[in-house]
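Quick notes on the structure that follows.
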Amino acid sequence: MSQSNIFILLILIPLTFTQSVRGKECVCDLKNSDPVFPEKTLKNVETTSVQCIGTITSEKMTDLDILVLGLQQRIKQLEENVIMLEKEDDRNLYGAVSLRIIELESAEIQDLLDKLNRTTQNYQHLGVQTAAQLEDMKDAMAELEKFDNMQVIKTNRENQRVKRNLEQCKEKLNATAAPPTVPPARCGLGRMISVAGPRTYSLTVYSTSYTYGAWGRDAKPAPGDENKYWLVVLSSSNVYGNFIRQYSTLSTLLLGIGPTDTYISNSNPTTNTIQGPNMVMYSNALYYNCYYTYSVCQFNMTTRSVSTVALPKDAGFNNKFPFAHLGATYTYTDMDFVTDESGVYVIYATTGNFGNVMISKVETSNPPVLNLTWSTSLYKGTVTNTFMVCGVLYATRYLDKEIEEIFYSYDTKTKEERFDLKINIKKMQTNIQFLNYDPRDHLLYVYSDAYILTYELIFQ
Numbered sequence: 040m041s042q043s044n045i046f047i048l049l050i051l052i053p054l055t056f057t058q059s060v061r062g063k064e065c066v067c068d069l070k071n072s073d074p075v076f077p078e079k080t081l082k083n084v085e086t087t088s089v090q091c092i093g094t095i096t097s098e099k100m101t102d103l104d105i106l107v108l109g110l111q112q113r114i115k116q117l118e119e120n121v122i123m124l125e126k127e128d129d130r131n132l133y134g135a136v137s138l139r140i141i142e143l144e145s146a147e148i149q150d151l152l153d154k155l156n157r158t159t160q161n162y163q164h165l166g167v168q169t170a171a172q173l174e175d176m177k178d179a180m181a182e183l184e185k186f187d188n189m190q191v192i193k194t195n196r197e198n199q200r201v202k203r204n205l206e207q208c209k210e211k212l213n214a215t216a217a218p219p220t221v222p223p224a225r226c227g228l229g230r231m232i233s234v235a236g237p238r239t240y241s242l243t244v245y246s247t248s249y250t251y252g253a254w255g256r257d258a259k260p261a262p263g264d265e266n267k268y269w270l271v272v273l274s275s276s277n278v279y280g281n282f283i284r285q286y287s288t289l290s291t292l293l294l295g296i297g298p299t300d301t302y303i304s305n306s307n308p309t310t311n312t313i314q315g316p317n318m319v320m321y322s323n324a325l326y327y328n329c330y331y332t333y334s335v336c337q338f339n340m341t342t343r344s345v346s347t348v349a350l351p352k353d354a355g356f357n358n359k360f361p362f363a364h365l366g367a368t369y370t371y372t373d374m375d376f377v378t379d380e381s382g383v384y385v386i387y388a389t390t391g392n393f394g395n396v397m398i399s400k401v402e403t404s405n406p407p408v409l410n411l412t413w414s415t416s417l418y419k420g421t422v423t424n425t426f427m428v429c430g431v432l433y434a435t436r437y438l439d440k441e442i443e444e445i446f447y448s449y450d451t452k453t454k455e456e457r458f459d460l461k462i463n464i465k466k467m468q469t470n471i472q473f474l475n476y477d478p479r480d481h482l483l484y485v486y487s488d489a490y491i492l493t494y495e496l497i498f499q
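Position one of the sequence shown corresponds to residue 40 (my numbering), numbered consecutively onward.
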């Protein structure tokens, strides 16, 4: 055995070395002085880790959030019903019926409370059990670390620390530039500085069946409809839809209870049905891209009648100017509809403006009319979504699977454009097919790969 080989072995493992000569042969006896590596302990740690991951999942935590949210909404609804009964009680049939409704709602709230208590107790038990398992794993890993003679773990920790420091440094260098200041006289808000959330994150009653859709609230509801939520799924080829589903509260939407379906047409697709996931509800009417045309459709939810107004003849439709990023194209998103404090806008692109974004105010008369129009220098194919706040258009783009960035703004009052915004939206799914701002609660309503979410806009 050469001296260099012996030297390498002495570095790698503690050993005792003896040499004897038998005739012309040199025999080396190597004995490892380290204790035997506890392979069984390592396997136990791996098994426990898998069990912990399976025990506490994001789905379970979402279930708990839904229960709490549902309970809050039902209690709020009950309080409103009691106030209404106190104001309008005629001591006759109306009062008796209202009281019976309140009794039924109280019973449902009690059921939700019981279910919440049971779920909470189960999670507390899981938490205690998992905490104990984590402590055992921590002790076992401390013992296993003694066998790390090459100090791989220590080096890895140092690498992670350096990586975190680099990320923090990068965040400071890429600090968010201040978006355009919106004068308070226009809608009472300061400038938008960040996006918080998600506040809501759930699958709908359709589970993962339909990856394209939209949801939200009426930005200008009729009296009595303030708590309603609407949901549209593109049930045909992820492109076409023909009905609107409504729920009385957010909790009933999340739980899939008591929906009301309003059909634009019995067949899908056909004339005046929905094409693409971009739509909004305003003053009891749904605004969307009419099937196979460059027209805006206005569907009255009460009369079930459809009125239309055409965009310019060179406006893109049928996938000519859709939203997109390098990794994907969001099909049939040629038109985007947005709401803000002043009403409804349609966002599109034209060949005359070289595929750049156009903004047109939609007057919500019957039939609708296109009013003021603004031209921008933002190429629509680089955008994934748009929304409007106080007359300022914001555009998003895809950064990666976890982050969507608000990078652009256009002020319709001053005509100022900015491309240097850096406001991040933390995604729960890879793609966002629909996004709209609700001026009533300052939330962004998002439909993302079959999930519905809300995010809160933070203003200075």
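Note that CB positions come from ideal geometry on N, CA and C, so glycine has one too. Keep in mind the model is a prediction, meaning the values are calculated, not measured.
- Message: For Gly355 and Gly420, I'd like the C-alpha separation in whole angstroms.
- Response: Residue 355 sits at position 316 when you count from the first residue of the sequence shown. Residue 420 sits at position 381 when you count from the first residue of the sequence shown. Roughly 12 Å between the two C-alpha positions.
- Item | Stretch pair the region 418-433 + the region 443-463: three plus CB contacts closer than 8 Å | yes
- What is the DSSP secondary structure of Leu417, reduced to helix, strand or coil? Translated into the one-based positions of the sequence shown, residue 417 becomes position 378. Note: Leu417 maps to strand in three-state DSSP.
- Option in Cys91, Ile313, Gln314 with minimal Cα separation from Ala170: Walking along the sequence shown from the start, residue 170 turns up at place 131. That would be Cys91, whose Cα lies nearest to the Cα of Ala170.
- Could you have a look at Ile283 and say whether DSSP puts it in helix, strand or coil? Translated into the one-based positions of the sequence shown, residue 283 becomes position 244. Looking at Ile283 - three-state DSSP - the assignment turns out to be strand.
- Does DSSP put Glu402 in a helix, in a strand, or in coil? Residue numbering aside, residue 402 sits at position 363 when the sequence shown is read from its first letter. It is a strand residue.
- Closest residue to Ile497 among Leu110, Ile303, Ile232, Leu365 (Cα-Cα distance): Taking the first residue of the sequence shown as position 1, residue 497 is located at position 458. Measuring from the Cα of Ile497, the nearest candidate turns out to be Ile232.
- beta strand (DSSP E) containing Lys465: first to last residue? Here the question's residue 465 lines up with position 426 in the sequence shown. Looking at the DSSP string, the run of the beta strand (DSSP E) that includes Lys465 is 462-465.
- Which whole-angstrom value is the C-beta distance of Arg343 and Thr301, which I expect to be below 8 Å? Counted from its first residue, the sequence shown places residue 343 at position 304. Counted from its first residue, the sequence shown places residue 301 at position 262. Indeed they touch by this definition, with Cβ atoms about 7 Å apart.
- Message: I'd like the list of long-range same chain contacts for Thr299, defined as Cβ closer than 6 Å, with 5 residues on each side in sequence excluded.
- Response: Within the sequence shown, the letter at position 260 stands for residue 299. So the list reads Gln285, once near-sequence residues are dropped.
- Message: Just to confirm my understanding: we take Asp480, look at its own chain, exclude 5 residues before and 5 after, and list those with CB closer than 7 Å. What are they?
- Response: To locate residue 480, count along the sequence shown from 1; it is residue 441. So the list is empty, once near-sequence residues are dropped.
- Query: Is Asn195 helix, strand or coil by DSSP?
  - Reply: Counting from one through the sequence shown, the residue named residue 195 turns up at place 156. Asn195: helix per DSSP, three-state reduction.
- Task: Can you say whether Gly366 is buried or exposed, counting buried as having 16 or more other CB atoms within 10 angstroms of its CB?
- Result: For the purposes of this step, residue 366 is identified with residue 327 of the sequence shown, where counting begins at 1. Exposed, because fewer than 16 other Cβ atoms sit within 10 Å of the Cβ of Gly366.
- Inter-stretch contact (C-beta, 8 Å, three-pair minimum) for the region 316-334 and the region 259-276: yes
- Item | Nearest candidate by alpha-carbon position, reference Ser290, set Asn311, Lys267, Val271, Glu85 | Here residue 290 refers to the residue found at position 251 of the sequence shown. With distances taken between Cα atoms, Ser290 lies closest to Lys267.
- Task: Mark Asp373 as exposed unless 16 or more other C-beta atoms lie within 10 angstroms of its C-beta, in which case mark it buried.
- Result: For the purposes of this step, residue 373 is identified with residue 334 of the sequence shown, where counting begins at 1. By the 10 Å Cβ count, Asp373 comes out buried.
- Cβ-based burial, Thr435 [other Cβ within 10 Å; buried from 16]: Mapped onto the sequence shown, residue 435 falls at position 396. Flag for Thr435 reads buried.
- Item | Classification of Leu173 by the beta-carbon crowding that lies within 10 angstroms, buried from 16 upward | One-based indexing of the sequence shown puts residue 173 at position 134. Leu173 should be labelled exposed.
- Cα-Cα separation between Glu456 and Gly236, rounded to whole angstroms: Walking along the sequence shown from the start, residue 456 turns up at place 417. Walking along the sequence shown from the start, residue 236 turns up at place 197. So the two alpha carbons sit approximately 27 Å from each other.
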